[in-house]
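Written out below as structure tokens is the structure these notes cover.
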Amino acid sequence: MPSQSTRFSQAPRWVRPLHTYSSMLMLVIMLFFTFTGLTLNNRHWLPEPEPEWEAELSLPETLAGSGLWREDPLLAASQVWLWMREEQQLAGGEVRFDWSEDEGLLLIDIKRPGGYSLVEVLPEEGEVWLASRHYGWMAVLNDLHMGRYSGPGWRWFIDASALVMLLFTLTGLWLVLPMRRRRGRMLTLSGLGTALMAGIYVWMLF
């Protein structure tokens, strides 16, 4: 009859392939989050951002004279936004509309990874003012790392990636435990990393 330690070392046959396939699945993703973790912690590495770009446009008469500005201004604002996307090829992200009935002014605030756009619309005058800025590709990667202005789909991807990374880490630990000769050294290294992290945090507090 096999001993308990033998049964433990032979039982989880699915752990090794699960660890291997999850590591391959997360290979580039882990490199991405590792690299952007460095750039987030060293923001001085980022290049100088491009200057803000501004433009004055004319609102089409079909939008400027629309009765929706009195009936449903938010619907009119969404139509202006669709026109802006087609006219100026503005990238989306998190879009917020702010309509001031007293001033007859529509503000469209667009925030996206690595940049922003601000649109001011005066429907009665048919005038549109656009300001846009892009901070560079490293800023885009940093915002994607944080899930900033990237939409629910990307935030779901971050959560799913974190779960697979957790699976990869725990299956790696499971593979280490049956190794009698190496288990002590590996667990000592794990404890050393934990102590180092906790020690630096405590040192920062005092």
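Just so we're aligned, residue 9 is where the sequence shown starts under our numbering, counting upward by one.
All C-beta atoms, glycine included, are put in the ideal place defined by N, C-alpha and C.
All of these numbers come straight from a predicted model, not from anything done at the bench.
Could you tell me whether the Cβ atoms of residue i and residue j are closer together than 8 Å?
{"i": "E62", "j": "A139", "result": "yes"}
{"i": "P81", "j": "W107", "result": "yes"}
{"i": "P55", "j": "M146", "result": "yes"}
{"i": "T47", "j": "L183", "result": "no"}
{"i": "Y124", "j": "I116", "result": "no"}
{"i": "M173", "j": "M38", "result": "yes"}
{"i": "R156", "j": "P131", "result": "no"}
Where does residue i land, buried or exposed, given buried means 16+ other C-beta within 10 angstroms?
{"i": "S158", "result": "buried"}
{"i": "H27", "result": "buried"}
{"i": "A170", "result": "exposed"}
{"i": "A84", "result": "buried"}
{"i": "F176", "result": "buried"}
{"i": "M92", "result": "buried"}
{"i": "R15", "result": "Reliability of the predicted coordinates at R15 is poor, the pLDDT of 48 falling under 50, and no value is obtained from them."}
Alpha carbon to alpha carbon, what distance is there between residue j and residue i?
{"i": "Y143", "j": "T196", "result": "43 Å"}
{"i": "M154", "j": "L35", "result": "19 Å"}
{"i": "D151", "j": "T44", "result": "9 Å"}
{"i": "V103", "j": "M187", "result": "54 Å"}
{"i": "A72", "j": "P160", "result": "32 Å"}
{"i": "W137", "j": "L98", "result": "14 Å"}
{"i": "L178", "j": "V210", "result": "26 Å"}
{"i": "R21", "j": "R163", "result": "33 Å"}
{"i": "G192", "j": "W53", "result": "40 Å"}
{"i": "S86", "j": "E135", "result": "16 Å"}
{"i": "S198", "j": "T42", "result": "19 Å"}
{"i": "Y29", "j": "L181", "result": "15 Å"}
{"i": "L200", "j": "I208", "result": "12 Å"}
Could you check how far apart the C-beta atoms of residue i and residue j are, in whole angstroms? I think they sit under 8 Å.
{"i": "L105", "j": "L114", "result": "The amino acid at residue 105 is misidentified as Leu; the sequence shows Phe. Their Cβ separation, rounded to whole angstroms, is 7 Å, which keeps F105 and L114 in contact under 8 Å."}
{"i": "R141", "j": "E64", "result": "Contact doesn't hold; Cβ gap of about 17 Å is too wide."}
{"i": "V23", "j": "V88", "result": "So it is not a contact: roughly 56 Å between Cβ atoms."}
Should residue i be counted as a contact of the ligand FMN given a C-beta to heavy atom distance under 7 Å?
{"i": "R193", "result": "As far as ligands go, the structure on display features none, and thus does not contain the ligand FMN."}
Report task. Identify every run of the alpha helix (DSSP H) within the stretch 105-164, keeping only runs that are complete inside it and at least 4 residues long; order them along the chain. Result -> 145-154
Query - Contained beta strand (DSSP E) runs [length at least 3] in the stretch 54-106, N- to C-terminal order - result: 61-66
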